[in-house]
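Worksheet: one structure, shown below.
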Amino acid sequence: MKTRILENFTVVFAWLAGLVLLSGVSLLLGYLFFKGHASLNLSLIFGDTPPLQALLLKQRVFEGLFPAVAGTFVLVVLSIAWAIPFGIATGIYLAEYAGPRVKRVLDALFDVLSGMPSIVIGLFGFSFAVFLHKHYSDRIGPCLLISSIALSFLVLPYIIRTTQAALEGIPLNIRLTALALGATRLQNIFLVLIPRSVSGIMSGIILAIGRCAEDTAVIMLTGAVASAGLPRSLFSQYEALPFFIYYISSQYADSEELMQGYGASIVLLFLCALLFVTAYGIRKGLSHFVFYRP
Amino acid sequence: MKKIGELVAERTFLLSALASSSITVAILAFMVFMGLPLMKQAGFYQLLVKPWAPYQGSFGIYPMIVGTGCISFLSLVVAFPLSLGCSFLIATIAPKPVSKGLRRLIELMTGIPTVIYGFVGIFLLVPYIRELFRSGSGLCVLTAALVLGIMITPTMTLFFCDSFDRIPRSYLTAAEALGASRTQKLLYVILPCAKKGMLNGVILALGRAVGDTLVALMLAGNSVRVPGSVLEPARTLTAHIALVIAADYESPEFRSIFACGVVLYLFTMMVTFLVRYLSFAEGRRD
Amino acid sequence: MTEAIKIKVTDLSFSYRDRPILKNVNVDFAENSITALTGPSGVGKSTFLMTLNRLWENLPDADMTGTVEIKLQGRFRNVYAPTMSVTELRKMVAMVFQAPNPLPMSIRKNIAFPLKLAGEGNREFMAHKVEHALRMANLWDEVKGRLNDDARTLSGGQQQRLCIARALVLEPEVLLLDEPTSSLDQTSIAVIEELLLGLKDRLTILLVSHYLEQVSRISDTIVTFDDNTIIS
Amino acid sequence: MTEAIKIKVTDLSFSYRDRPILKNVNVDFAENSITALTGPSGVGKSTFLMTLNRLWENLPDADMTGTVEIKLQGRFRNVYAPTMSVTELRKMVAMVFQAPNPLPMSIRKNIAFPLKLAGEGNREFMAHKVEHALRMANLWDEVKGRLNDDARTLSGGQQQRLCIARALVLEPEVLLLDEPTSSLDQTSIAVIEELLLGLKDRLTILLVSHYLEQVSRISDTIVTFDDNTIIS
Amino acid sequence: LPAFSGSLDSFQGEKGELKISGGTAHIPVMKEAARRIMMANPEIQISIAGGGSGVGIKQVGEGLVDIGNSGRKATDEEIGRYQLKLFQWAIDGVGPVVNPENPVKALTKDQMKDIFAGKVNNWKMLGGEDREINIYTRDEASGTRAVFWKKGLDKGAITSFAHVVVSNGAMKSAIAQDPYGIGYVSVGHIDTTVAPVALDGVVPTIETVQDGAYKIARGLYSNTRGEPVGLTKKFIDFLYSPDGKKIIESKGFIPVR
Ligand SMILES: Nc1ncnc2c1ncn2[C@@H]1O[C@H](COP(=O)(O)OP(=O)(O)OP(=O)(O)O)[C@@H](O)[C@H]1O
Ligand SMILES: Nc1ncnc2c1ncn2[C@@H]1O[C@H](COP(=O)(O)OP(=O)(O)OP(=O)(O)O)[C@@H](O)[C@H]1O
Ligand SMILES: [Mg+2]
Ligand SMILES: [Mg+2]
């Protein structure tokens, strides 16, 4: 009898938990859309500036999200550009070259890196910038370059892990095919193994993009500012969407600005969801081990 | 000719692996290096147990450690039952289509940006908590923990589901053939077998809760005091870094955030090695 | 057949993802006898067994039509009737698999597991049942001293007898065995065959086996599967 | 044996993670003949083939001792000598696996792949070689109209012949085949057997096979593996 | 004082980047001025970050930014160390604020000191609702905090119970959200979403600050390292121009004469 009660309780409990989580999240999203849908229009992004003029960089946007969106875009492109070559090369090294001992050590290091709180990486980036400023060049301070490098540290483990997993998942017979035909190790990697892992690596890259677009803690320490206009150079400060949302949430001046915050949240949410679904579509059953990120 | 190409490539891969992995080491080195003057002066241990009162010259991060502990523990208290329940639903209890849909949805939820949780939390949950308990400002440990709990639930649920999936099919078939209902299968076979994997999920989720900055910064109130109840404000290590980074670079305030960095770093390392150890133990058992 | 009929299968068809496995199978099985099912690999023998206790319902993309009636507690019942509880059915129509599949718990708990599922709480009664089942499976003497050891530490033959004991503990009316001896050595096979012969007057046994010798040694009837249908 | 020796294996031992698979194998293989390797499953036949072209070196935890000498370009060479380039070796000692493994590219590109690896750039020459290899493998007539189709759209037998053609395109001196017909139907098997017989005067062929009929049909010599060693 | 060379015309032909950080009270003025300048001359890029007065002084001193704003006068030590040039372009007050729903709209200075010290912790004790007082303060880098602490609380204690927010804007939105909160903001930031609290009978407004009735006042400074040149100089000049003064006024501060 006691067991029956336990079993029934389990069922009720499970449904209840599902309900709570779903209602929690739908409340979150519902509230966001309820509050923010009214602000979703072109002037949210471009303010009073004609969109075309803004996109062609002919005219500046002051009241809209355009500089923040552009800043996020540039930031993501830069970070990914740093992370991809290192990430893929390291993934290849781990999967194809590293001996078991080396691999154990490197694996542990990347595990630690992938579990690192992003604020710690931000702090590292910030103090590194200050360090460079003091000892190297007056021109360097917290800026786009530093932010993108710090962000690339943040997402490097994603790309390493997906590359490594994709390569290691290739069955032995395929691995041996080209080798038996006289391929060198490098030929095998680039002509057979990498082409077969493209989807895995791509999904890792897209996740990394999502991560870069979403992160706030790193950029608030390394160069994102309240107002900067479009980023001009690697050494300039910039605006970014997630930082904008954070900024608005704590210091909106009036309800209009607050509405912008809701709008920005919805835009960011859509952006991330889109990236996420794309990554998922590219590679179904993508492990969330890769998603994990404090 | 070709040999050289091979060698160059291998060296390149090796170098980039070394460069990438040196980041992990470099971060620790930097934290220690920057925090060293203060740690030397006050002693690392002293920093860990003293309060934060910059005007009295005390730069301890004890309140932040306690704040971090409270908020992340409480968020686990929120997230654990939710994740357990949701993973039960997905594993056996819900009908196939529902369970599939739920799983997709939860996977998608892991992609919601953190700042959005914080943003909605401020305007939705904070006033609600304030009026519900008629005490405090609503910016408190409880609010932060609730939002954080919801935030880490998807990750934890997926880890649970994962450890359920790893149970050998034969165990499940055995139970089914003996007339176990879905719930019984879950309670008497799946759950006992998946314990270790689930512990992994909990530890990783804890790591995530401790490492999160935005939710605590936006919702916990950031007061530099050991919270006396869940309705009082508190500051986490991560939020402390974000707040004090503005201070004078040479000041002990600024140095103290590197102590926070070191603590967070060591915690991450602990989580990582614990998880690795557990996975290793699990791998060996099979 | 002169004996009473225990299981009546009518017009049974089965497919995996629209690939037909069994087509219009009609067959009866006699009570208190051992029926051997043979046939080439992949013809659908294991699948057929699973249609009798509805175990296939947990497989993805599987589909079945037709009726299966089994005389349970004295009267014929359609096992696919909505009133039939699938967990009750599986307690009365027990199954043992090709590869022994002890659960990752002690020997005692393995045997007691079906009792626990049935909601039994009386420990003394359970201990008694466990002993009885182990005795029936000729395993008691070998394991009585180590009932708390993990069941996975037993040898293959012992594990298979454990699984049979576990299937017997609820006193089922039908016992389905899917190549229960294929992973065992000669001695273990002999022990299990003897065990089955001894169980025959209490149960109806359906046994899938590839070993023609074995089949002729212990079975009363032979049913051969061939290319989606049955030749008796 | 009266024919010239092509491959000389001396004191070969092999282990996976300290589990010995082959122990002190000594065997020679004659030139321009088909030698069949048989023996129970898991005894190390595939592993043995991989010691001849050093393919095992890509497996984790594998270890080997002993010498293998092959007469390449007219003189005996130790394939494990430091001066021996492993890629050159594999071009001269080609291998075909049990399951056909076309690369995910067009038929033409599959065949041309080893040429590409060897650094060949002349397109006309390559086209000519491709045709030649496909003709040798009795596949040309079947695929000449669809050289740009994905190789994975071919039937199993065609895929296996494609793999043989791909192995032949570099004009190797030794061809290792690991159960090349086990996943094929009777007609395909006959075609491939005929093909191998036709290749025999140009190549030394080593063929792993379980099918005794096949073995007796086409092989000149039979080497049987048994429990870590070889009985010829 | 620098010459009033200019309106926006003076930016003609300039280009390059100007980095500003520091005091958060300054931000609305900075943003508006930057917007005007950048509109007039698209070649100029001005970035504005907060951080607080301490950050402003420090960053300009270290050369990380071109202009570091502060809501307090830089100390002599800071001036000496970094060769700072101080430009005070407005007068501002720091006023205690509560939520408009809060009936308590006047306090004595002692009451306020007690509140911030945590001794008075319920609005009931001040004639309000029976609810705890939620105290909001600023982080340690804040000039607003420094001024309020010195002149408003006479360097009295601020309880560690207090919530910490990172900017004037954040303070305002926190109080606007919390009916039981009390905090302090730059007078320029006070609008209808928060209610100023009269201190010893004087309501903090521009007027009372200007005529000296309200005592917790301060200057808003823009600091440069060494004598400003080029774009930096023109920006500061602009703050002193008639257009600049209008902006300062419109944002609720009193431009210096
Ligand atoms: N879960 C499944 N999904 C899809 N097809 C399946 C599944 N299980 C079995 N099959 C297919 O159904 C056919 C019958 O399988 P079944 O296991 O019943 O054969 P069997 O007669 O028991 O063979 P064996 O003697 O090898 O055990 C086989 O072709 C098999 O490939
Ligand atoms: N990569 C590997 N790592 C470890 N052990 C292996 C590996 N490959 C094969 N083995 C083991 O080595 C032994 C010999 O394998 P091998 O594949 O050479 O056998 P085989 O004679 O070709 O058998 P079959 O006829 O089944 O193909 C087997 O016991 C196998 O389990
Ligand atoms: Mg079967
Ligand atoms: Mg083999």
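Residue numbers (the working numbering), protein chains in the order written: chain A, 60 to 353; chain B, 770 to 1055; chain C, 19 to 250; chain D, 19 to 250; chain E, 22 to 278.
By construction, the Cβ of each residue, glycine as well, lies at the ideal position given by its N, Cα and C atoms.
Since we're looking at a predicted model, the values are computed, not measured.
Rounding to the nearest angstrom, what Cα-Cα distance links Ala-197(E) and Met-51(E) in this structure? Counting from one through the fifth sequence, the residue named residue 197(E) turns up at place 176. Counting from one through the fifth sequence, the residue named residue 51(E) turns up at place 30. Rounded to the nearest angstrom, the gap between the Cα atoms of Ala-197(E) and Met-51(E) is 23 Å.
Flag this pair as yes or no: are the beta carbons of Pro-832(B) and Pro-820(B) separated by less than 7 Å? Taking the first residue of the second sequence as position 1, residue 832(B) is located at position 63. Taking the first residue of the second sequence as position 1, residue 820(B) is located at position 51. Taking 7 Å as the Cβ cut-off, Pro-832(B) and Pro-820(B) qualify as a contacting pair.
Residue of Val-45(C), Lys-24(C), Val-61(C) minimising C-alpha distance to Tyr-34(C): Start at 1 with the first residue of the third sequence, and residue 34(C) comes out as number 16. Nearest to Tyr-34(C) by C-alpha distance, out of Val-45(C), Lys-24(C), Val-61(C), is Val-61(C).
Please output, in chain order, the residues near ligand 1 using a CB cut-off of less than 5 Å to any non-hydrogen atom of the ligand. Every residue passing the under-5 Å Cβ criterion appears here: Tyr-34(C), Ile-39(C), Ser-59(C), Gly-60(C), Val-61(C), Gly-62(C), Lys-63(C), Ser-64(C), Thr-65(C), Leu-77(C).
For Glu-945(B), decide whether its Cβ has a neighbour in chain C, counting only Cβ atoms nearer than 7 Å. In the second sequence, the residue the question calls residue 945(B) occupies position 176. So, interface residue.
Find out if the Cβ-Cβ distance for the pair Val-187(E), Thr-158(E) is shorter than 7 Å. Sequence index remark: in the fifth sequence, residue 187(E) carries index 166 (1-based). Sequence index remark: in the fifth sequence, residue 158(E) carries index 137 (1-based). No. Outside cutoff.
At what residues does the alpha helix (DSSP H) containing Ala-237(A) begin and finish? Along the first sequence, one-based indexing puts residue 237(A) at 178. Start and end: 231 to 239.
Check whether the Cβ of Val-161(C) sits closer than 6 Å to any heavy atom of ligand 5, and report yes or no. What this structure holds is ligand 1, ligand 2, ligand 3 and ligand 4, not ligand 5.
Three-state secondary structure (DSSP) of Met-1039(B): For the purposes of this step, residue 1039(B) is identified with residue 270 of the second sequence, where counting begins at 1. Met-1039(B): helix per DSSP, three-state reduction.
Cys-855(B) touches chain A at which residues, Cβ-Cβ below 8 Å? Taking the second sequence and counting its residues from 1, one reaches residue 855(B) at position 86. Think of a sphere of 8 Å around the beta carbon of Cys-855(B): the chain A residues whose beta carbon falls inside it are Ala-73, Ala-76, Gly-77, Leu-80, in chain order.
Distance cutoff 7 Å, beta carbons only. Does Leu-29(E) sit that close to anything in chain A? In the fifth sequence, the residue the question calls residue 29(E) occupies position 8. Taking Cβ atoms only, chain A never reaches closer than 7 Å to Leu-29(E), which makes this a no.
On the criterion of 16 or more Cβ atoms from any shown chain inside 10 Å, does Tyr-1046(B) qualify as buried, or is it exposed? Within the second sequence, the letter at position 277 stands for residue 1046(B). With fewer than 16 other CB atoms across the displayed protein chains lying within 10 angstroms of its CB, Tyr-1046(B) is exposed.
How big is the Cα-Cα spacing for Ile-265(A) and Ser-194(E)? Position 206 of the first sequence holds residue 265(A). Position 173 of the fifth sequence holds residue 194(E). Answer to the nearest angstrom: the Cα atoms are 36 Å apart.
For Pro-923(B) and chain E, any beta-carbon pair shorter than 7 Å? Against the second sequence, residue 923(B) aligns to sequence position 154. Chain E, which has no Cβ nearer than 7 Å to the Cβ of Pro-923(B), makes this no.
Rounded to the nearest angstrom, what separates Glu-153(E) and Gly-1030(B) at their Cα positions? By 1-based counting over the fifth sequence, the position of residue 153(E) is 132. By 1-based counting over the second sequence, the position of residue 1030(B) is 261. Approximately 34 Å between the Cα atoms of the pair.
May I have the straight-line CA-CA distance separating Asp-238(C) from Pro-254(A), to the nearest angstrom? As a first step, residue 238(C) must be located in the third sequence, where it is residue number 220. As a first step, residue 254(A) must be located in the first sequence, where it is residue number 195. Each residue's alpha carbon lies about 59 Å from the other.
Note down, in chain order, all residues in the segment 230 to 251 of chain A with a beta-carbon under 8 Å from any beta-carbon belonging to chain D. For the segment 230 to 251 of chain A, the beta-carbon criterion of a distance under 8 Å to any beta-carbon of chain D is satisfied by Leu-231, Asn-232, Ile-233, Arg-234, Leu-235, Thr-236, Ala-237, Leu-238, Ala-239, Leu-240, Gly-241, Ala-242, Thr-243, Gln-246, Leu-250, Val-251.
Taking beta-carbon pairs under 8 Å, can you tell me which members of the segment 982 to 993 of chain B lie near chain E? Residues of the segment 982 to 993 of chain B whose Cβ lies closer than 8 Å to any Cβ of chain E, in chain order: Gly-990, Asn-991, Ser-992, Val-993.
Start-end ranges of the beta strand (DSSP E) lying completely within the segment 82 to 155 of chain C, minimum 3 residues: If we require 3 residues or more, the beta strand (DSSP E) runs fully inside the segment 82 to 155 of chain C come out as 93 to 96, 111 to 114.
Going by DSSP, which residues form a beta bridge with Gly-826(B)? Here residue 826(B) corresponds to residue number 57 of the second sequence, with the count starting at 1. According to DSSP, which records beta bridges pairwise, Gly-826(B) is partnered with nothing at all.
For Glu-212(C), does the count of other Cβ atoms within 10 angstroms reach 16, so buried, or fall short, so exposed? The residue given as residue 212(C) occupies position 194 in the third sequence. Exposed is the call here.
Tell me which residue opens and which closes the beta strand (DSSP E) that Ser-173(C) is part of. As a first step, residue 173(C) is located in the third sequence; it is residue number 155 there, counting from the start. Counting along the chain, Ser-173(C) falls outside any beta strand (DSSP E), and DSSP gives it neither H nor E.
Can you confirm whether Arg-108(C), when its beta carbon is compared against all beta carbons of chain B, has any partner nearer than 7 Å? The residue you call residue 108(C) lines up with position 90 of the third sequence. It does; some Cβ of chain B falls within 7 Å.
Could you check whether the segment 158 to 171 of chain C touches the segment 116 to 127 of chain C, counting it as contact only if at least three pairs of C-beta atoms, one from each stretch, sit closer than 8 Å? Cβ pair count under 8 Å is three or more, so yes.
Which chain A residues are close to Asn-119(D), counting only those with a beta carbon under 7 Å from its beta carbon? Taking the first residue of the fourth sequence as 1, we reach residue 119(D) at position 101. Within chain A, the residues placing a beta-carbon under 7 Å from that of Asn-119(D) are Asn-232, Ile-233, Thr-236, ordered along the chain.
Compare the C-beta of Leu-1000(B) with all C-beta atoms of chain E and state if any pair is closer than 7 Å. Against the second sequence, residue 1000(B) aligns to sequence position 231. Among the CB atoms of chain E, none fall inside 7 Å of the CB of Leu-1000(B).
Could one say the Cβ of Asn-155(E) lies closer than 7 Å to chain G's Cβ atoms, at least one of them? Given the protein chain composition of this structure (A, B, C, D and E), no chain G is represented.
Neighbour list for Asp-197(A) in chain E, Cβ cutoff strictly below 8 Å: The residue given as residue 197(A) occupies position 138 in the first sequence. By Cβ distance, chain E contributes Gly-84.
With a threshold of 7 Å between beta-carbons, can Met-113(C) be considered close to chain B, or not? As a working note, residue 113(C) is residue 95 in the third sequence. Yes, Met-113(C) lies at the interface with chain B (some Cβ there is under 7 Å from its Cβ).
Go ahead and pull the three-state DSSP assignment for Phe-294(A). One-based indexing of the first sequence puts residue 294(A) at position 235. In the three-state scheme derived from DSSP, where H, G and I count as helix and E and B as strand, Phe-294(A) is classed as coil.
Find out if the Cβ-Cβ distance for the pair Ile-875(B), Thr-926(B) is shorter than 7 Å. For the purposes of this step, residue 875(B) is taken as the residue at position 106 of the second sequence. For the purposes of this step, residue 926(B) is taken as the residue at position 157 of the second sequence. Thr-926(B) is positioned such that its CB atom lies closer than 7 Å to that of Ile-875(B).
Any contact between the segment 885 to 905 of chain B and the segment 799 to 819 of chain B? By contact I mean 3 or more CB pairs, one from each, below 8 Å. Judged by Cβ distances under 8 Å, the segment 885 to 905 of chain B makes no contact with the segment 799 to 819 of chain B, as fewer than three pairs qualify.
At what residues does the alpha helix (DSSP H) containing Tyr-940(B) begin and finish? Translated into the one-based positions of the second sequence, residue 940(B) becomes position 171. Per DSSP, Tyr-940(B) is one residue of the alpha helix (DSSP H) stretching across 938 to 946.
Taking DSSP's pairing of strands, which residues face Ser-251(C) in a bridge? Given that chain C is displayed from residue 19 to residue 250, the structure contains no residue 251(C) and the question cannot be resolved.
Strictly below 8 Å CB to CB, what residues from chain C border Ser-950(B)? Within the second sequence, the letter at position 181 stands for residue 950(B). Thr-105, Leu-135, listed in chain order.
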